[in-house]
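Notes follow once the structure below has been shown.
Number of protein chains: 2
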Amino acid sequence: MDLTNVSQAKVFNGWHKQYQHTSSVLHCDMRFAIFLPPHASAAQPVPVLYWLSGLTCTDENFMQKAAAFQKAAELGIAIVAPDTSPRGEAVPDDVDQSYDFGLGAGFYLNATQEPWKTHYQMYSYVVDELPGLIEANFPVTSKRSVAGHSMGGHGALTIGIKNPEKYASISAFSPICHPSIVPWGEKAFRHYLGEDKALWKEYDAVELIKAHNVTTPILVDQGDADGFLDDQLKPETLQQAAKENNVPLELRIQPGYDHSYFFIQTFINDHLAFHASQLLND
Amino acid sequence: MDLTNVSQAKVFNGWHKQYQHTSSVLHCDMRFAIFLPPHASAAQPVPVLYWLSGLTCTDENFMQKAAAFQKAAELGIAIVAPDTSPRGEAVPDDVDQSYDFGLGAGFYLNATQEPWKTHYQMYSYVVDELPGLIEANFPVTSKRSVAGHSMGGHGALTIGIKNPEKYASISAFSPICHPSIVPWGEKAFRHYLGEDKALWKEYDAVELIKAHNVTTPILVDQGDADGFLDDQLKPETLQQAAKENNVPLELRIQPGYDHSYFFIQTFINDHLAFHASQLLND
Chain A
371 MDLTNVSQAK VFNGWHKQYQ HTSSVLHCDM RFAIFLPPHA SAAQPVPVLY WLSGLTCTDE
431 NFMQKAAAFQ KAAELGIAIV APDTSPRGEA VPDDVDQSYD FGLGAGFYLN ATQEPWKTHY
491 QMYSYVVDEL PGLIEANFPV TSKRSVAGHS MGGHGALTIG IKNPEKYASI SAFSPICHPS
551 IVPWGEKAFR HYLGEDKALW KEYDAVELIK AHNVTTPILV DQGDADGFLD DQLKPETLQQ
611 AAKENNVPLE LRIQPGYDHS YFFIQTFIND HLAFHASQLL ND
Chain B
371 MDLTNVSQAK VFNGWHKQYQ HTSSVLHCDM RFAIFLPPHA SAAQPVPVLY WLSGLTCTDE
431 NFMQKAAAFQ KAAELGIAIV APDTSPRGEA VPDDVDQSYD FGLGAGFYLN ATQEPWKTHY
491 QMYSYVVDEL PGLIEANFPV TSKRSVAGHS MGGHGALTIG IKNPEKYASI SAFSPICHPS
551 IVPWGEKAFR HYLGEDKALW KEYDAVELIK AHNVTTPILV DQGDADGFLD DQLKPETLQQ
611 AAKENNVPLE LRIQPGYDHS YFFIQTFIND HLAFHASQLL ND
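Taken in order, these protein sequences are the chains called A and B. For the first sequence, the working numbering assigns the number 371 to the initial residue and increments by one for each residue that follows. For the second sequence, the working numbering assigns the number 371 to the initial residue and increments by one for each residue that follows.
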C-alpha cells in the first residue's frame, strides 16, 4: 500500500509526520499522523500507542495540543493518530452538517446502514487496516495500546475491550462511557447501526464489560468541571460495571478540569507512563 | 478599564483564561490570554512573561501548542499572550489580504502612515497598555520578561532592547532579526512607517543593538531546517551585531528543527528557565 508523506517536523529529537493513503476499508483517501521517538529503528523498533480523537477532530488536534512528545520520546513509544471519520467528496455527511454525526464523528464503529456503510467502517480501519500499514512501514513492534478522548475515549474502551490480544492497555480522557443511553451515542448508533439495540451493545463500553471477561488494565481521567459529564459521559456507569465484573479500571475524577486539551495535557504523562508499564514490561 | 472573561480552563493546577477589552491605543476590541500558575495570589504575586506570536497568529497559538504550562506552573511564572494585530471591522487590512501584512501582522510597531496609524499601534499596546491592564487586574508583580516567535521574535527583541528597565530578559524562537533588509520586514515597514528608513531602525533589532548599550540577557533558538532561515530571519546578522557590541546574546542553532510549534515546544522549557533565572533572582 502506498503512503504519501505530507509533512514532517523534528520534535524532542523525534519526528512528527503526516501521511496520506487510500484506505481499502473506508473507500477514500485518509490522513494519519505518527510520532516516532528518537532512536526508533529497524534494529530498535518501538511499541505504538494509538490515539483516537473526539468529535470534530482530525489527526492534528492531539499532536498539536496534547504536549505528549517529551514523555513519549523519553519512554520510547510511538504514537499514531488517525482521523475521526472517513473523508472526501464521496463520503456522505449528516444532512444538517452537525458536529456530532457524519464527518468528524465516525464513532469508531462499522456502520451497517445505508448510506453510511460503504465508508463508515472506522472500527476495522483502526483495528486492522491502520496497524497493518504502520507495522509494515515504520520501525515499530506489534505491541499496541489504545487511548482516546471523548468519542475517542469511547473508541479506545470498546476497541481495547473487544481485542484483548491486540492491546496491552487502554486509557481514556472524558470518554463517552455508555453511548446507548446518551444523546451523542443514540443519534450516531441509530443512523449508523439502525434501530436494533442488540447491535448497539457491540459498541458500548458498559455493555461490553458485562459481556467480556476484561483483564486489560484501564485508566480513565475525568474532569468534574466538564460540561458534558452528566448528559453525555456518565463515568459512574463504567465504574459500576467494572466493579460488578472485577475489571481492572482506575477512574480518576480530577477536580476543576473541563473537557479541553488543557485537561489532557495536564495528565497525558500519567497515561503514557501507564501504557509504557504494559508495553515495555518484557 | 473593563475586562470581559471569555474562557477559562484549569491546566497543571493553574488557569488559562481569555479576556476581551476595549483598547484605547488600538481603538478596537482586543482579546488576550493569560496563564496563571497555581498559588498566584495578591499575597504571592508572580512575574509575567509576555509572549509575542508570529504572522497569522492570535492569542491562542502559543497557549494551545507550546506545551509551556507544566514548567511555568512549576516555576511560578504567569504568561500573557496578546493578539498579533488590531482586529475588527473598523481596522483596515491589506488590500490583498496577504498573510504577512495587515490583520495578524502588526509587527509590534507604531504605524505612522495612513490608513494604518489609527489602529496599528501594537508597540504601545504591548509595552504600555497591556501590562497596565495585567498589573491592575491579576495577581502579578511588575517584573516582566518578553519572548516571541518569528515576527514575535522580532517584537520581543526590539521591545526588550528599547525598554531595558521594563524587561528583565529577552528570548526568541526563529526571530526576524534584521527586518529592514528582508521581504517580510520591508513590506511591513514601507506600509506602516513610510519610505524614510531612518524610522525603520527604531524597529530593527540589529540596528537597535548598534544604537543601544544592551545589557539585558538574550536567548535565541533557531532551527537549521527552517525554510525561512536565509531569506527572512538572518540570525547571523544579530550574532554579528551582538558580538561587535558586547551584547549578552546566546544564539543556539538547533539541527534539524523547522519553523513550527513542534520546534518551540521542544525548547520552551529552556526559555522559561532562562527567564525565571532573571525574574526570580531577588
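Note that the Cβ used here is the ideal one computed from N, Cα and C, for glycine as well.
Span of the alpha helix (DSSP H), counted from its first residue to its last, around residue i
| i | result |
| --- | --- |
| A/Gln-648 | 631-649 |
| B/Ile-546 | Element bounds for B/Ile-546: n/a, residue is neither H nor E. |
| B/Tyr-562 | 553-563 |
| A/Gln-610 | 605-614 |
| B/Leu-578 | 575-581 |
| B/Gln-434 | 430-435 |
Listed by chain order, chain A residues near residue i by CB distance under 8 Å
| i | result |
| --- | --- |
| B/His-386 | Phe-632 |
Simplified DSSP state of residue i, which is helix, strand or coil
| i | result |
| --- | --- |
| A/Asn-507 | helix |
| B/Leu-599 | helix |
| A/Pro-501 | helix |
| A/Ala-448 | strand |
| A/His-519 | strand |
| A/Gln-440 | helix |
| B/Ser-541 | strand |
| A/Tyr-420 | strand |
| B/Lys-513 | strand |
| A/Gly-458 | coil |
| B/Gly-530 | helix |
| B/Gly-476 | coil |
Neighbour flag for residue i against chain A, beta carbons, 9 Å
| i | result |
| --- | --- |
| B/Ala-410 | no |
| B/Asn-383 | yes |
| B/Tyr-627 | yes |
| B/Thr-426 | no |
| B/Gln-467 | no |
| B/Pro-440 | Looking at the sequence itself, residue 440 of chain B is Gln, so the reference to Pro does not match. Yes, B/Gln-440 lies at the interface with chain A (some Cβ there is under 9 Å from its Cβ). |
| B/Gln-363 | The displayed coordinates of chain B run from 371 to 652. Any statement about residue 363 of chain B would go beyond what the structure contains. |
| B/Gln-434 | yes |
Residue i: first and last residue of the uninterrupted beta strand (DSSP E) it sits in
| i | result |
| --- | --- |
| A/Lys-380 | 374-381 |
| A/His-391 | 384-393 |
| B/Ile-623 | 619-624 |
| A/Trp-570 | That residue, A/Trp-570, is in no beta strand (DSSP E); its alpha helix (DSSP H) goes 567-570. |
| A/Ala-403 | 398-406 |
| A/Asp-594 | A/Asp-594 -> no beta strand (DSSP E), and no H or E assigned at all. |
Residue-level contact to chain B via CB, residue i, 9 Å cutoff
| i | result |
| --- | --- |
| A/Gly-593 | yes |
| A/Lys-653 | What the structure shows of chain A is the stretch from 371 to 652, and residue 653 of chain A is not part of that stretch, so it cannot be assessed. |
| A/Ala-437 | yes |
Within chain B, partners of residue i - CB distance below 8 Å
| i | result |
| --- | --- |
| A/Gln-648 | None at all; the shortest Cβ gap to chain B is about 24 Å. |
Under 9 Å by beta carbon: chain A residues contacting residue i
| i | result |
| --- | --- |
| B/Gln-609 | In chain order: nothing, as chain A lies at least about 22 Å away. |
Contacts that residue i makes with chain B (C-beta to C-beta distance below 7 Å)
| i | result |
| --- | --- |
| A/Thr-636 | Val-381 and Phe-382 |
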